[in-house]
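In this note's numbering, the protein residues as written are 1 to 703.
All C-beta atoms, glycine included, are put in the ideal place defined by N, C-alpha and C.
Here the structure is a predicted model, which means the values were calculated and not measured.
Each remark here refers to the structure printed beneath this line.
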Ligand code: 7RM
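Printed below as a string of structure tokens:
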């Protein structure tokens, strides 16, 4: 794989009057990153398309014959898969776009409806209603539906706490627990349509709380357990929550996170919250506010397990999930019942291609949308066994994940590139200690996965035999939108490949014109899909403006991307993360990918800082692999590496070594914070989504 000449590709997007450019340079990295050498030369101007050559690209191009690395599904895998060939995928994808009613009726028909729908879609752009006239209940579909067949005594949830405690809940047990908890909610005055905050660790009770709300038609809003009291306060106020479900504490890297204390701090002064239900998890001391707080286990003493699922309109709200917006005020993304359920049911089924006896593990926290769709609702709607782990991947040692996979014989692992890069950094010896031969499918989500990490994941974790599904989607999309189907779509490392059924994704320029192969642009979706967000809670105008105003009738994802000549999507990152260096628009993720391709680098985050001469300078924050010394000489080496790899224009003006990067729990680097640090300012904006505050303190101290 190494050894031949290779080229690099950097595509950038246009947001103003500058032209888009692709910069191609010789480099020393894996050649399989890049598929279509010729077309990488293409540049476009906005408006009428015009091909330009960037001066940096003139040389060396024709001589670079690209090795095409494509990973086809193994015949054995394809044979057993639901969708077993590219042709079948294409046929179904075409059908799903041409006859969405037919396609989605068939999918929805596999679920339980108390009243059948009359109309599949009512689309008054940008407002969609799916399965209009239908009534159903998500908890009934995730639980009751499985009680009449062989799944009754199957494990629904396999759970492991960070300290090592374990629990297994069968579908029947989970059903019973959810019914009882739903009765606890009713007993505490919580009604259909009420908003309920869930602020819990990743424990079975988090799922029970979610499903309990769904059972009675209450709208849950899960707040990630790493968020502060202030974030809880803001979210409570925004959605007017009447209750909070929490735990005394949760475990993270061996310490107890004082969840209940944070809730207490959030609820001082005037609040809409009337009830706080507290689950005893960690046994830490908590304050109980008379008249407001009740213990989960005490409440259970007063209820029975009889709780018929509420009959809910298909468009009844299921949950609100807050996601950060560019202004700092979090957006409450609203998802509803029927469309969301059909979306996550269908994507889980086809993308993970679940089999009856699979142990499926999604490592996401319940507080992230991935925890909603692919830890709880998607697998349970499919009658799968979902494994849930409460804690950190490096607790007590960096082999915790591999230990779990071996112990439970996990078949499907779904995790984030940030975790994969951390594992690479911690060293292969941790992986080698364990037998991972049960794995048959791997998934990635949350960020672009750089080809180095993809290959490591494929070889070291997947033993070279497991397909990888690189799934692109968002809180807003509710379900996976672009991803290979593992038995049908050949994978290319670093590409999320092709759109899922019903997804009409495209890349357009500023004028909304679809761009040609390998030209960077904005990723949009041109048709509504069942699991799409319905609005931003309480702010229709912001919903319209943020997602639907730039290109009429199309959903703006906010991501930049390109498609190669096979139609594969390569996500570049958020459009906001584009730098303008001396008139050149550079995507930060390409510079990061280049840095990470250096053998000594574990992780990198690139930001811009105001520069008198160039407009913006490039600052790279870098963490090195264990055992590597962070020296001055290495800084120069890295600058030159990027220079060689991409071009002088992308060379970082400054490389700073850091022990760790500031990230959200889902692994997204918080570039805004790094930008402030790089500019020499103290961090002022919202830091509520930051996972580890120590990181910030350390970075600032390095000044
Ligand atoms: C599921 C989730 C959404 C943003 C999205 C992208 C980035 C997610 C991928 C990805 C490249 C992927 N929801 N993103 N998955 N980029 N390849 N496979 O992450 O709302 O938290 O974030 O995450 O920028 O817009 S999210």
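Pairwise C-alpha distance: residue j and residue i
{"i": "residue 477", "j": "residue 632", "result": "44 Å"}
{"i": "residue 282", "j": "residue 249", "result": "5 Å"}
{"i": "residue 186", "j": "residue 507", "result": "47 Å"}
{"i": "residue 572", "j": "residue 522", "result": "10 Å"}
{"i": "residue 652", "j": "residue 680", "result": "17 Å"}
{"i": "residue 123", "j": "residue 344", "result": "20 Å"}
{"i": "residue 495", "j": "residue 96", "result": "22 Å"}
{"i": "residue 510", "j": "residue 527", "result": "19 Å"}
{"i": "residue 15", "j": "residue 393", "result": "Annotation note: pLDDT 23 at residue 15 (below 50); position unreliable, coordinate value reported separately. Going by the C-alpha atoms only, they are around 39 Å apart."}
{"i": "residue 193", "j": "residue 164", "result": "37 Å"}
{"i": "residue 168", "j": "residue 178", "result": "15 Å"}
{"i": "residue 410", "j": "residue 620", "result": "37 Å"}
{"i": "residue 634", "j": "residue 566", "result": "38 Å"}
{"i": "residue 456", "j": "residue 424", "result": "8 Å"}
{"i": "residue 227", "j": "residue 533", "result": "23 Å"}
{"i": "residue 430", "j": "residue 460", "result": "11 Å"}
{"i": "residue 366", "j": "residue 318", "result": "15 Å"}
{"i": "residue 670", "j": "residue 252", "result": "20 Å"}
{"i": "residue 315", "j": "residue 354", "result": "28 Å"}
{"i": "residue 120", "j": "residue 104", "result": "8 Å"}
{"i": "residue 337", "j": "residue 137", "result": "7 Å"}
{"i": "residue 191", "j": "residue 217", "result": "7 Å"}
{"i": "residue 247", "j": "residue 310", "result": "26 Å"}
Residues bridged to residue i (per DSSP)
{"i": "residue 604", "result": "622"}
{"i": "residue 499", "result": "482"}
{"i": "residue 335", "result": "319"}
{"i": "residue 389", "result": "160"}
{"i": "residue 293", "result": "276"}
{"i": "residue 361", "result": "387 and 413"}
{"i": "residue 559", "result": "574"}
{"i": "residue 130", "result": "121"}
{"i": "residue 251", "result": "256"}
{"i": "residue 313", "result": "135"}
Which of helix, strand or coil DSSP assigns to residue i
{"i": "residue 221", "result": "strand"}
{"i": "residue 541", "result": "helix"}
{"i": "residue 475", "result": "coil"}
{"i": "residue 489", "result": "coil"}
{"i": "residue 424", "result": "helix"}
{"i": "residue 551", "result": "coil"}
{"i": "residue 610", "result": "strand"}
{"i": "residue 155", "result": "strand"}
{"i": "residue 174", "result": "helix"}
{"i": "residue 374", "result": "helix"}
{"i": "residue 41", "result": "Confidence at residue 41 is low in this model, with a pLDDT of 24, below 50, so the placement of that residue should be treated as unreliable; the coordinate-derived value is given next. Three-state result, residue 41: helix."}
{"i": "residue 239", "result": "helix"}
{"i": "residue 146", "result": "helix"}
{"i": "residue 707", "result": "There is simply no residue 707 to check, as the chain begins at 1 and stops at 703 in what is shown."}
{"i": "residue 183", "result": "helix"}
{"i": "residue 124", "result": "strand"}
{"i": "residue 135", "result": "strand"}
{"i": "residue 470", "result": "strand"}
Reference residue i; option with closest CA among the options
{"i": "residue 306", "options": "518, 180, 664 and 657", "result": "180"}
{"i": "residue 386", "options": "399, 358, 588 and 397", "result": "358"}
{"i": "residue 711", "options": "594, 122, 168 and 342", "result": "Here the chain covers residues 1 to 703 and nothing more, so residue 711 does not appear."}
{"i": "residue 419", "options": "338, 475 and 660", "result": "660"}
{"i": "residue 285", "options": "256, 84, 191 and 266", "result": "256"}
{"i": "residue 377", "options": "413, 157 and 498", "result": "157"}
{"i": "residue 304", "options": "125, 646 and 175", "result": "175"}
{"i": "residue 512", "options": "530, 541 and 553", "result": "553"}
{"i": "residue 206", "options": "135, 448, 149 and 280", "result": "280"}
{"i": "residue 198", "options": "219, 628 and 184", "result": "219"}
{"i": "residue 500", "options": "113, 437, 568 and 375", "result": "568"}
{"i": "residue 556", "options": "543, 563 and 564", "result": "543"}
{"i": "residue 133", "options": "148, 113 and 125", "result": "113"}
{"i": "residue 335", "options": "671, 531 and 108", "result": "531"}
{"i": "residue 426", "options": "128, 600 and 645", "result": "600"}
{"i": "residue 71", "options": "340, 458 and 388", "result": "458"}
{"i": "residue 614", "options": "625, 438 and 584", "result": "584"}
{"i": "residue 401", "options": "106, 142, 161 and 469", "result": "161"}
Heavy atom of ligand 2 within 7 Å of residue i beta-carbon
{"i": "residue 616", "result": "Absence of ligand 2 is noted for the structure shown, with ligand 1 being the only ligands found."}
Any chain E beta carbon closer than 8 Å to residue i
{"i": "residue 347", "result": "No chain E appears in the structure shown, which is made up of a single protein chain."}
* Which residues are close to ligand 1, meaning CB closer than 7 Å to any heavy atom, in chain order? -> 323, 368, 369, 370, 444, 445, 446, 447, 448, 449, 470, 471, 472, 473, 474, 475, 476, 496, 557, 558, 559, 571, 573, 574, 666 and 668
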